[in-house]
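Residue numbers (the UniProt record's numbering): 1 to 478. We treat Cβ as the ideally placed atom computed from N, Cα and C, and that holds for glycine. Structure, as structure tokens:
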Amino acid sequence: MRSQRVWGLRSRASAVPTADHSAEALRAAEHLARLVRIPTVTPPPGPLSGADAAVFTVYREELEAIYPRVFAAAEVETAGRAGLLLRVPGQFTERPVLLMAHQDVVPVPTDWAAEGWEHPPFDGVIAGGRVHGRGTLDDKGAMVVALEALESLLREGWSPLRDLYLFFGGDEESHGASAVEAVHLLEERGIEPWMVLDEGGAVATEAFPTLRRPMAVIGASEKGIMTLRLTVESLGGHASTPPRQSAPGILARALVEIEEHPFPAAVHDVTIEMLEGVAPHVARPMRGLLRRAGRRRAVLGRVMPRFGPELAAMVRTTAAITQLEGSPAQNVLATRASAVINVRVAVGSSCAEARAHLVDAIDDARVKVDVVEASEPSPVSPTGDDARWRALGAAVAASYPDAVTVPYIMLAASDARHVAPISPAVYRFSPLRMDKAQREAIHGPNENVEIGALGAGVVFYRALLTGDALGPSEPGRP
């Protein structure tokens, strides 16, 4: 295996448990482990360095080795710095389907053991019925199950009725420039995907109060994302003679005001649909409230934030303080203090409204508030009786029969937001079961995925690709 020779990781492969797992789940686990061992950390902005280009080249070669039928059947081209755009031709070019995932992963500290990792993050260890390592959930696991499903269908002689596109981004964790380029290529060619499916939701357990069944949450939209930089300037000088108010002190007061003045809660229609969907499956005291969620928006807006940050983020714009900068030395007064605020803008609001709220909360002209980058909330894709939504629900039912399928508004950002302008139906869902600890491990230590969840993910994509909804809408027509 070339990638293991390149990275010196052949000796790190682990024995796969054989009990209670299907052959396709075990195969997906081995393949995912191979891909985790290639450290495709998101490259910095600008042209790829030689080292980064080499890593993504090895990753592509490994994909081609693992999934030979997919790459033989597809037209393959590079999009952006490291994105891969594949087209598997169907009988019809109209109403194509686009499946998405991303190759890149967030970095890991050099002292990863001190961060709490139980296994080396890029060793792709298979132990305890799970694959461990960076990218197993975000997002190589989802990529693997989609490719496993397609490879197995092609092996059986299947071919898509309509064109099937696959896009694997190379820099999703850094604003998704590869996805922007891929969308530009599709737009130039007049291609408007009938349905798009990217990462986002999951088959979540421990996700909703008193709900004992898994909750398959499918993103019908996603929040906007905006980066703000707060800056305060002052004269500086020697630390032995500090002023009454320093630049960091003024900035600190502004940050406190931001946290003490959260955005107002507003329960969106998609969230109402989610709540009404889980209502029959929760404990009785909550059931009555959720069944009438559409008439209880104000109450829900007050109650949901009390159940933790996930539910709180579903009903309001959020602002997180992520980076701070001050003096360059311990005995020097800062002439400039700054903070970066990561804002996730609620669907139904806008980046301009979010910035205005924060400026009002700070209420200090000495604090400069600059927009570094901004992307508005995504349009809401069809749910209910729409054929595409039904297709997703049927695929969930085939792979996770006990799951409750509901729409939701994705809280994070994905490459899918760049595709929304050219497609009427963009969904965000990774068909992988995740408990609370696994969801918290995304971008953190001990990221892992269950082998059984990989098997179910393959079933999901096979059901989706072969389901009636992706067939012709009338004889001889896509």
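Distance, residue 28 Cα to residue 455 Cα | The residue you call residue 455 lines up with position 455 of the sequence shown. The residue you call residue 28 lines up with position 28 of the sequence shown. Distance between the alpha carbons of residue 455 and residue 28: 7 Å.
Check residue 10 in the structure and name its three-state DSSP category.
-> Here the question's residue 10 lines up with position 10 in the sequence shown. For residue 10, the predicted structure reports a pLDDT of 34, less than 50, and the residue's modelled location is therefore unreliable. The matter cannot be settled from this model.
DSSP state of residue 19 mapped onto helix, strand, coil = Sequence index remark: in the sequence shown, residue 19 carries index 19 (1-based). Only weak support is given to the placement of residue 19: the predicted model assigns it a pLDDT of 47, under 50, and the value that follows is read from those uncertain coordinates. DSSP places residue 19 in coil when its eight states are reduced to three.
Ignoring anything shorter than 4 residues or poking outside the UniProt domain "Peptidase M20 dimerisation" (221-365), list the alpha helix (DSSP H) runs there in chain order.
-> 247-260, 269-278, 284-291, 297-303, 309-314 and 351-362
Kindly indicate which three-state DSSP category residue 152 falls into: helix, strand or coil?
-> On the sequence shown, position 152 is the one that residue 152 refers to. Here residue 152 sits in helix by DSSP.
According to DSSP, residues forming a beta bridge with residue 127 | For the purposes of this step, residue 127 is identified with residue 127 of the sequence shown, where counting begins at 1. In DSSP, residue 127 forms a bridge with 130.
Do you know offhand how far residue 63's Cα is from residue 45's?
-> Reading the sequence shown from its first residue, position 63 is the one you call residue 63. Reading the sequence shown from its first residue, position 45 is the one you call residue 45. Cα to Cα, residue 63 sits roughly 24 Å from residue 45.
Taking only runs that begin and end inside the region 135-202, name each unbroken beta strand (DSSP E) of 3 or more residues, in chain order.
-> 162-169
DSSP state of residue 57 mapped onto helix, strand, coil = Numbered from its first residue, the sequence shown carries residue 57 at position 57. Three-state DSSP puts residue 57 in a helix.
Enumerate in chain order the residues of its own chain whose CB-to-CB distance from residue 22 is below 6 Å, with the five nearest sequence positions on each side excluded.
-> Here residue 22 corresponds to residue number 22 of the sequence shown, with the count starting at 1. Once the five neighbours on either side are set aside, the close Cβ partners of residue 22 are 455.
For the region 406-425 and the region 250-264, state whether three or more C-beta atom pairs, one from each stretch, are separated by less than 8 Å.
-> no
Same chain only: Cβ atoms within 6 Å of residue 265, ignoring 5 sequence neighbours per side = What you label residue 265 is simply residue 265 of the sequence shown in a count that begins at 1. Same-chain partners within the cutoff: 301, 315 and 316.
Distance between residue 226 and residue 491 (C-alpha atoms, nearest Å) | For the chain, the structure presents residues 1 to 478; residue 491 sits outside this window and is missing.
For residue 331, count neighbouring Cβ atoms within 10 angstroms of its own Cβ and tell me buried if that reaches 16, exposed if not.
-> By one-based count along the sequence shown, residue 331 stands at place 331. Its Cβ having fewer than 16 others within 10 Å, residue 331 is exposed.
Verify whether the separation of the beta carbon atoms of residue 237 and residue 333 is less than 8 Å.
-> Locating residue 237 in the sequence shown gives position 237, counting from the first residue. Locating residue 333 in the sequence shown gives position 333, counting from the first residue. The answer is yes: Cβ separation under 8 Å.
Along the chain, where does the beta strand (DSSP E) that runs through residue 461 open and close?
-> To locate residue 461, count along the sequence shown from 1; it is residue 461. Segment 451-466 is the alpha helix (DSSP H) holding residue 461; no beta strand (DSSP E) there.
Distance CB(residue 165)-CB(residue 98) smaller than 8 Å = Taking the first residue of the sequence shown as position 1, residue 165 is located at position 165. Taking the first residue of the sequence shown as position 1, residue 98 is located at position 98. Cβ atoms of residue 165 and residue 98: closer than 8 Å.
Please report how far the alpha carbon of residue 54 lies from the alpha carbon of residue 156, in whole angstroms.
-> Walking along the sequence shown from the start, residue 54 turns up at place 54. Walking along the sequence shown from the start, residue 156 turns up at place 156. For residue 54 and residue 156, the distance between alpha carbons rounds to 34 Å.
Thinking residue 222 and residue 378 are a contact (beta carbons under 8 Å), I'd like their distance in whole angstroms, please.
-> Mapped onto the sequence shown, residue 222 falls at position 222. Mapped onto the sequence shown, residue 378 falls at position 378. The Cβ separation is near 5 Å, so the contact holds.
Which residue from 74, 110 and 72 puts its Cα closest to that of residue 445?
-> Along the sequence shown, read from residue 1 onward, the residue named residue 445 stands at position 445. Among 74, 110 and 72, the Cα nearest to that of residue 445 belongs to 110.
If you draw a straight line from the C-alpha of residue 130 to the C-alpha of residue 39, how long is it?
-> Counting from 1 along the sequence shown, the entry for residue 130 is found at position 130. Counting from 1 along the sequence shown, the entry for residue 39 is found at position 39. So the two alpha carbons sit approximately 19 Å from each other.
Endpoints, the beta strand (DSSP E) within which residue 75 is located | Start at 1 with the first residue of the sequence shown, and residue 75 comes out as number 75. Counting along the chain, the beta strand (DSSP E) containing residue 75 begins and ends at 75-79.
For the alpha helix (DSSP H) holding residue 395, just list the boundary residues, first then last.
-> Walking along the sequence shown from the start, residue 395 turns up at place 395. Where residue 395 is concerned, the enclosing alpha helix (DSSP H) stretches over 387-399.
Using the DSSP secondary-structure output, state which residues sit across from residue 378 in a beta bridge.
-> Walking along the sequence shown from the start, residue 378 turns up at place 378. Beta-bridge pairing links residue 378 to no other residue.
Assuming residue 69 contacts residue 161 under a Cβ cut-off of 8 Å, what Cβ separation, rounded to an integer in Å, is found between them?
-> For this step, residue 69 is matched to residue 69 along the sequence shown. For this step, residue 161 is matched to residue 161 along the sequence shown. With 8 Å as the limit, residue 69 and residue 161 do not qualify as a contact, their Cβ atoms being about 18 Å apart.
Cα separation between residue 275 and residue 297?
-> Along the sequence shown, read from residue 1 onward, the residue named residue 275 stands at position 275. Along the sequence shown, read from residue 1 onward, the residue named residue 297 stands at position 297. Rounded to whole angstroms, residue 275 to residue 297 spans 11 Å at the Cα level.
Strand pairing of residue 427, partner residues [DSSP] = Within the sequence shown, numbered from 1, the residue matching residue 427 stands at position 427. According to DSSP, which records beta bridges pairwise, residue 427 is partnered with 197.
Would you list the one or two residues that DSSP bridges to residue 66?
-> By 1-based counting over the sequence shown, the position of residue 66 is 66. BP columns for residue 66 are empty, so no partner.
Could you give the residue range of the alpha helix (DSSP H) that holds residue 418?
-> As a working mapping, residue 418 is identified with position 418 in the sequence shown. Run containing residue 418: 416-419, per the alpha helix (DSSP H) assignment.
Use the C-beta contact count for residue 91: other C-beta atoms within 10 angstroms, 16 or more gives buried, fewer gives exposed.
-> By one-based count along the sequence shown, residue 91 stands at place 91. Label assigned to residue 91: exposed.
Return the first residue and the last residue of the alpha helix (DSSP H) that residue 439 is part of.
-> Working through the sequence shown from its first residue, we reach residue 439 at position 439. Note, residue 439: alpha helix (DSSP H), 436-441.
What's the C-alpha gap between residue 319 and residue 342?
-> Here residue 319 refers to the residue found at position 319 when the sequence shown is read from its first residue. Here residue 342 refers to the residue found at position 342 when the sequence shown is read from its first residue. Cα-Cα distance, rounded: 6 Å.
Distance, Cα to Cα, residue 368 vs residue 231?
-> For the purposes of this step, residue 368 is identified with residue 368 of the sequence shown, where counting begins at 1. For the purposes of this step, residue 231 is identified with residue 231 of the sequence shown, where counting begins at 1. Each residue's alpha carbon lies about 5 Å from the other.
Please name the residue, chosen from 435, 421 and 434, that lies closest to residue 193 on a Cα-to-Cα basis.
-> Residue 193 sits at position 193 when you count from the first residue of the sequence shown. Of the candidates 435, 421 and 434, the one whose C-alpha sits nearest the C-alpha of residue 193 is 421.
Between residue 374 and residue 355, what straight-line distance do the alpha-carbon atoms span, to the nearest angstrom?
-> Position 374 of the sequence shown holds residue 374. Position 355 of the sequence shown holds residue 355. Going by the C-alpha atoms only, they are around 10 Å apart.
With a CB to CB cut of under 6 Å and the five nearest residues on each side skipped, what residues in its chain are close to residue 271?
-> Here residue 271 corresponds to residue number 271 of the sequence shown, with the count starting at 1. Only 314 meet the Cβ criterion.
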